[in-house]
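Asker: If you count by UniProt numbering, then the sequence shown holds residues 1 to 260, one letter each, in order. There's a structure below that I have some questions on.
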Amino acid sequence: MLRLDVVTVFPDYLAPLHLALLGRAVDRGIVSIGVHDLRDWTHDVHRSVDDTPFGGGPGMVMRPTVWGEALDDLVGSPSVDDSPPEVEPPSRGDDDERPLLIVPTPAGRPFTQSDAQRYARRRHLLFACGRYEGIDQRVVDEASQVMDVEEVSIGDYVLIGGEVAVLVIAEAVVRLLPGVLGNRRSHEEDSFSDGLLEGPSYTRPEVWRDRAVPEVLKSGNHAKIDRWRRDESLRRTAERRPDLLAAAELDARDREVLAE
Ligand code: SAM
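If you want it as C-alpha cells, here you go:
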C-alpha cells in the first residue's frame, strides 16, 4: 500500500483526494492518505506559521521550526522540539526505503510522467504545501538527512499555494497504481508513456454534424489501426510538442511520417 501524507495550512483544499478514483483507491486499501494541518505543530496563541524574510523584500516565509516538527513526526523520527501533537507514524513496510518528501515549488524541476511512474513505486510520499513566498530552504536541506527530497514544479506559472500542485501530482501517481484504473492499458497507452502525445479518439455516432470518424478505425484491421494511431501520435507531437521527439524511440517508418 502506498502511504501519502500531505502537510498544509488548508486541509480542506485536499478534500478531492477522497473523491472519485482516488477515493475508491483509498476504500480498496491501495493507498492511504493523511492530510495534516501544519498549524497543529505551532505553539503560539496565533498558531503562526510564517515570518518576515531575512534580507528584506515582500511577503512572508514559512518558518522552519514548525515544518521541522511536522516532518519529524510524520517520518517517525524523534523530535528535537517539545510537545509534538499525536500523529501515528506510518508503517515503513518491510524494507528500509526512506520516505520521499515532495516539495512543490515553481523553482523546482518540472514534474513529468516518468516522475509519476517513479513515485508510484515508492511506499511513502510526503508532500509539503508551501504558501506565501514558500518554505525556509533549511527545511528541505535538513529533511534530506533522513528522507529523499525532490522540489518539483507543475509548470511555468505561479500558483498561490502548493495544494493544487499536490492534487495534480497525487492524481498522476495514484492512477498508475495496480488496481486503480479498470483497464491497465488505459495508462500504458496514454500520452507520454511512449514519449509521444496520444492522437485523437472517437466514439459513437459514426457521423456527427457531418463529421465522420476516420474509416480506418471502423475497419477491424488492428495492425492498420495501430499504425494509424502511431502516425497521428507522431504528427500531433511534431506539431504541439516537437521537444519530445528528440527523446522518443523512432523507427524508419516513424521518420518517414515525420518527414511528410
Ligand atoms: N516565491 C516563490 C517563487 O517565486 O518561486 C513563489 C511562491 S508561491 C506564491 C507559493 C507556493 O505555491 C509555493 O511555495 C508552492 O508550494 C506553490 N506553487 C506555486 N507555483 C507552483 C508551481 N508552478 N509548481 C508547484 N508549486 C507551486
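Even glycine gets a Cβ: it sits at the ideal position worked out from N, Cα and C. Nothing here was measured: the structure is a model prediction, and the numbers come from that model.
So, helix, strand or coil for Ser153, using DSSP?
Answerer: Translated into the one-based positions of the sequence shown, residue 153 becomes position 153. Ser153 falls in the strand class under three-state DSSP.
Asker: Starting from Thr8 and walking both ways along the alpha helix (DSSP H), at which residues does that stretch end?
Answerer: Here residue 8 is taken as the residue at index 8 of the sequence shown, counted from 1. Not the alpha helix (DSSP H): Thr8 falls in the beta strand (DSSP E), residues Leu2 to Thr8.
Asker: For a quick check, are the C-beta atoms of Pro99 and Val75 less than 8 Å apart?
Answerer: Residue 99 sits at position 99 when you count from the first residue of the sequence shown. Residue 75 sits at position 75 when you count from the first residue of the sequence shown. Their beta carbons are under 8 Å apart, which means Pro99 touches Val75 by this criterion.
Asker: From the DSSP secondary-structure annotation, give me the bridge partner or partners of Leu100.
Answerer: Within the sequence shown, the letter at position 100 stands for residue 100. Per DSSP, Leu125 and Asp148.
Asker: I need the DSSP call for Gly23, collapsed to helix, strand or coil.
Answerer: By one-based count along the sequence shown, residue 23 stands at place 23. Helix at Gly23.
Asker: Flag Ala165 as yes when its Cβ comes closer than 7 Å to any non-hydrogen atom of ligand 1, and as no otherwise.
Answerer: Sequence index remark: in the sequence shown, residue 165 carries index 165 (1-based). Yes - ligand 1 has a heavy atom lying nearer than 7 Å to the Cβ of Ala165.
Asker: So does Gly162 have its beta carbon nearer than 7 Å to some heavy atom of ligand 1?
Answerer: One-based indexing of the sequence shown puts residue 162 at position 162. Because some heavy atom of ligand 1 lies under 7 Å away, the Cβ of Gly162 counts as near it: yes.
Asker: Under 7 Å Cβ to Cβ from Gly177, same chain only, skipping five residues before and after it: list those, please.
Answerer: Translated into the one-based positions of the sequence shown, residue 177 becomes position 177. For the sequence presented, residue 177 should be read as Leu rather than Gly. These residues qualify, in order along the chain: Leu2, Ala25, Ile30, Val31 and Ala120.
Asker: How close, in whole Å, do the beta carbons of Ser233 and Ile225 come, if the pair is a contact with beta carbons under 8 Å?
Answerer: By one-based count along the sequence shown, residue 233 stands at place 233. By one-based count along the sequence shown, residue 225 stands at place 225. Contact flag wrong, Cβ pair sits at about 12 Å.
Asker: Taking the alpha-carbon positions, what's the Glu171 to Arg118 distance?
Answerer: The residue given as residue 171 occupies position 171 in the sequence shown. The residue given as residue 118 occupies position 118 in the sequence shown. Answer to the nearest angstrom: the Cα atoms are 14 Å apart.
Asker: Considering only the alpha carbon of each residue, which of Gly59, His18, Trp67 and Ile33 lies closest to Trp41?
Answerer: Residue 41 sits at position 41 when you count from the first residue of the sequence shown. Nearest option by C-alpha distance: Trp67.
Asker: Taking buried to mean at least 16 other C-beta atoms within 10 Å of its own C-beta, is Arg184 buried or exposed?
Answerer: As a first step, residue 184 must be located in the sequence shown, where it is residue number 184. Answer is exposed; the Cβ neighbour count stays below 16.
Asker: Give a single yes or no on whether Ser153 has its beta carbon closer than 7 Å to a heavy atom of ligand 1.
Answerer: As a working note, residue 153 is residue 153 in the sequence shown. Yes, the Cβ of Ser153 comes within 7 Å of a heavy atom of ligand 1.
Asker: Since I believe Leu167 is in contact with Pro16 (beta carbons under 8 Å), could you give me their beta-carbon distance rounded to a whole number of angstroms?
Answerer: Taking the sequence shown and counting its residues from 1, the one referred to as residue 16 is at position 16. Taking the sequence shown and counting its residues from 1, the one referred to as residue 167 is at position 167. That belief holds up - the Cβ atoms of Pro16 and Leu167 are roughly 6 Å apart, short of 8 Å.
Asker: Helix, strand or coil for Pro110 per DSSP?
Answerer: The residue labelled residue 110 in the question sits at position 110 within the sequence shown. It is a strand residue.
Asker: How many Å lie between Arg131 and Leu196 at the Cα?
Answerer: Start at 1 with the first residue of the sequence shown, and residue 131 comes out as number 131. Start at 1 with the first residue of the sequence shown, and residue 196 comes out as number 196. Answer to the nearest angstrom: the Cα atoms are 34 Å apart.
Asker: Keeping to the same chain, check which residues put their C-beta closer than 6 Å to that of Pro106; ignore five residues upstream and five downstream.
Answerer: Walking along the sequence shown from the start, residue 106 turns up at place 106. Closer than 6 Å at the Cβ level, and outside the excluded window around Pro106, lie Ser153 and Val158.
Asker: In the DSSP assignment, what are the bridge partners of Ile33?
Answerer: Counting from one through the sequence shown, the residue named residue 33 turns up at place 33. In DSSP, Ile33 forms a bridge with Leu4.
Asker: So, helix, strand or coil for Ala248, using DSSP?
Answerer: For the purposes of this step, residue 248 is taken as the residue at position 248 of the sequence shown. In this structure, Ala248 counts as coil in the three-state DSSP scheme.
Asker: Do Asp136 and Arg47 count as a contact pair if the criterion is CB distance below 8 Å?
Answerer: Stepping through the sequence shown from its first residue, residue 47 is reached at position 47. Stepping through the sequence shown from its first residue, residue 136 is reached at position 136. It is not a contact, given that the beta carbons lie outside the stated cut-off.
Asker: Among Asp51, Phe54 and Ala143, whose alpha-carbon lies nearest the alpha-carbon of Ala70?
Answerer: Mapped onto the sequence shown, residue 70 falls at position 70. It is Ala143.
Asker: Which residues in the same chain have their Cβ closer than 8 Å to the Cβ of Val207, if we skip the five residues on either side of it in sequence?
Answerer: Residue 207 sits at position 207 when you count from the first residue of the sequence shown. So the qualifying residues of the chain are Val213.
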